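Let me begin by presenting the structure, written as structure tokens, before commenting on it.
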Amino acid sequence: MQLSLIVPTYNEKENILPLVERVHHSLSSIDYELIIVDDGSPDGTAEEVKRLSSTYPLRLIERKERGLASAVVRGFEEAQGEALGVIDADLQHPPEMIPQLLAEIDKGADVAIASRYVAGGGVEDWAASRKIISKGATLIAHLSLPSLRKVKDPLSGFFLFRKKIVEGINLEPRGYKILLEVLARSKVQGVAEVPYTFTKRERGKSKISLKEEIDYLRQVVALALSEDLWRKAIKFGLVGISGIGVNEGLLFLLTDTVGLSEYISPIPSIEASIITNFMLNDLWTFSDRREGSWLRRLAKFNLTMAAGAGITYGVYSLIISLTSIPYLIAMLLGIVVGFVWNFTLSFIWTWRKRPIRKDA
Ligand code: UDP
Ligand code: MG
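Position 81 (the sequence shown) corresponds to 80 in numbering that gives the first Met the number 0; numbering is contiguous.
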């Protein structure tokens with residue numbers, strides 16, 4: 000399997016020679032091409048690459064724009080290999096690990112990540128603040144992108160993968176975290192993580208800035224909106240709002256027009272809204288998970304909704320009896336907790352997803 004290794008560079012002149020040598024030495028028995036994507040470095044990085052391209056299997060792509068992720072995506076487009084890899088130019092990613100990562104791909108993994116956050120991995124020489132930012136960013140990824148929770152280091156900048164997993168997929172190259180984009184958009188199953196230590200930068204300077212942190216948050220939001228869980232949660236919430244309309248409308252009709260007692264009319268009103276909510280969720284929110292009996296799902300939904308209403312009421316009464324929080328706010332908090340309950344049970348029980356066993 001041929002490997003195309005992509006290296007984004009911006010002002011890395013002094014790192015090019017040691018990088019190219021170490022890569023070449025590490026990949027002596029591997030068919031590979033090294034694609035260096037230079038963001039118009041003013042320090043002469045591109046000239047240094049050209050100088051070495053007669054000796055090594057090197058290709059230079061010169062760009063005018065800046066940006067790590069977009070440079071890497073450009074490299075993907077030019078790559079010939081069946082396996083693609085990304086490594087920084089500054090040797091903070093040890094090239095000697097590439098054969099190990101490639102071995103994971105050969106064994107069947109779709110993505111092989113050099114991971115700082117599995118046992119045996121780590122970072123050298125990072126200030127506490129950078130450690131906290133990195134861990135915090137990883138936590139944000141895990142919280143917002145549930146499908147990636149099993150990947151310990153989804154923000155690693157050093158990884159290999161099978162080219163076919165990104166074919167036909169639109170990667171949005173924003174910021175630094177291209178692995179996150181690959182993992183989230185390609186929905187891969189077989190991910191292997193190999194521990195390594197992110198070493199100290201010996202030459203040149205880091206280009207990371209506040210802009211990359213902000214870009215990262217924007218990237219996470221964009222990816223989260225494409226995640227099944229959040230899409231379903233949003234649809235479920237919209238259906239819930241329609242249910243409030245059904246409930247209130249019927250309550251008014253039965254009480255004011257029909258003349259039922261206001262202690263009786265909520266019962267059919269609430270049940271009607273549960274039924275319309277069920278139908279909308281069944282046809283729309285969970286349309287991809289309609290399995291087995293329709294009546295059974297309706298019964299489950301009724302049950303969880305009743306419990307959810309009880310929870311909303313319980314939270315509401317607890318807050319007003321124990322705190323001085325205004326009752327309208329207390330009700331909102333109760334609704335939030337009830338919503339989380341209703342959605343969670345719907346997601347994991349009423350419209351349960353059939354387990355797929357494909358983990359590696
Ligand atoms: N890089 C790039 N374009 C940019 C910013 C960075 O090609 O606009 C390259 C940089 O030359 C290096 C890699 O991306 O090879 C990682 O950047 P850096 O070392 O600044 O990130 P850090 O290690 O501090 O996270
Ligand atoms: Mg670096």
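Quick reminder that beta carbons are idealized off the backbone N, C-alpha and C, glycines included. Fair warning: this is a prediction, and the values are worked out from it, not measured in the lab.
Output needed for residue i: all residues of its chain with C-beta closer than 8 Å, excluding positions within five of it in sequence on either side, in chain order.
{"i": "A271", "result": "V245, N246, L249"}
{"i": "T343", "result": "none"}
{"i": "M304", "result": "I273, N276, N341"}
Which residue or residues does DSSP assign as beta-bridge partners of residue i?
{"i": "D37", "result": "T8, E61"}
{"i": "F160", "result": "L83, V110"}
{"i": "P194", "result": "S114"}
{"i": "Y31", "result": "L2"}
{"i": "V423", "result": "There is no way to answer for residue 423, as the model of the chain reaches only from 0 to 359."}
Does DSSP put residue i in a helix, a strand or coil?
{"i": "A359", "result": "Low per-residue confidence applies at A359: pLDDT is 47, beneath 50, and the placement is therefore not dependable enough to give any value."}
{"i": "S208", "result": "coil"}
{"i": "S185", "result": "helix"}
{"i": "V19", "result": "helix"}
{"i": "S272", "result": "helix"}
{"i": "G388", "result": "Nothing can be reported for residue 388, as the shown portion of the chain is limited to 0 through 359."}
{"i": "K49", "result": "helix"}
{"i": "W348", "result": "helix"}
{"i": "E171", "result": "coil"}
{"i": "Y55", "result": "coil"}
{"i": "P354", "result": "coil"}
{"i": "H24", "result": "helix"}
{"i": "E166", "result": "coil"}
{"i": "G337", "result": "helix"}
{"i": "E180", "result": "helix"}
{"i": "V219", "result": "helix"}
{"i": "F285", "result": "coil"}
{"i": "E13", "result": "helix"}
{"i": "L154", "result": "coil"}
{"i": "L331", "result": "helix"}
{"i": "P360", "result": "No information on residue 360 is available, as it lies outside the stretch 0 to 359 that the chain covers here."}
{"i": "I405", "result": "No answer is possible for residue 405: it lies beyond the span of the chain, which begins at 0 and ends at 359."}
{"i": "L279", "result": "helix"}
{"i": "T343", "result": "helix"}
Between which residues of its own chain and residue i is the CB-CB distance below 7 Å, once the five residues before and five after are set aside?
{"i": "I310", "result": "V336, G337, W340"}
{"i": "E201", "result": "L90"}
{"i": "E46", "result": "none"}
{"i": "G203", "result": "N10, E11, E13, N14, D89"}
{"i": "G119", "result": "P194"}
{"i": "R173", "result": "A68, D214, R217, Q218"}
{"i": "K163", "result": "none"}
Would you give the residue range spanned by the alpha helix (DSSP H) that residue i belongs to?
{"i": "S143", "result": "127–143"}
{"i": "D227", "result": "227–251"}
{"i": "S316", "result": "293–321"}
{"i": "Q99", "result": "97–105"}
{"i": "A68", "result": "67–77"}
Whose C-beta lies closer than 6 Å to the C-beta of residue i among residues of the same chain, with five residues either side of it excluded?
{"i": "G156", "result": "D87"}
{"i": "L228", "result": "P145"}
{"i": "K231", "result": "T284"}
{"i": "V71", "result": "I5, P7, V85, I177"}
{"i": "R21", "result": "P94"}
{"i": "G39", "result": "K63"}
{"i": "T198", "result": "Q91, E123"}
{"i": "E61", "result": "D37, A45"}
{"i": "M96", "result": "A113, Y195"}
{"i": "V117", "result": "K151, E192, P194"}
**OP:** Could you please go through the chain and list the residues whose beta-carbon is closer than 7 Å to any non-hydrogen atom of the ligand MG?
**Re:** Summarising the contact set, residues whose Cβ lies nearer than 7 Å to any heavy atom of the ligand MG are, in chain order, D87, D89, Q91, R200, S205.
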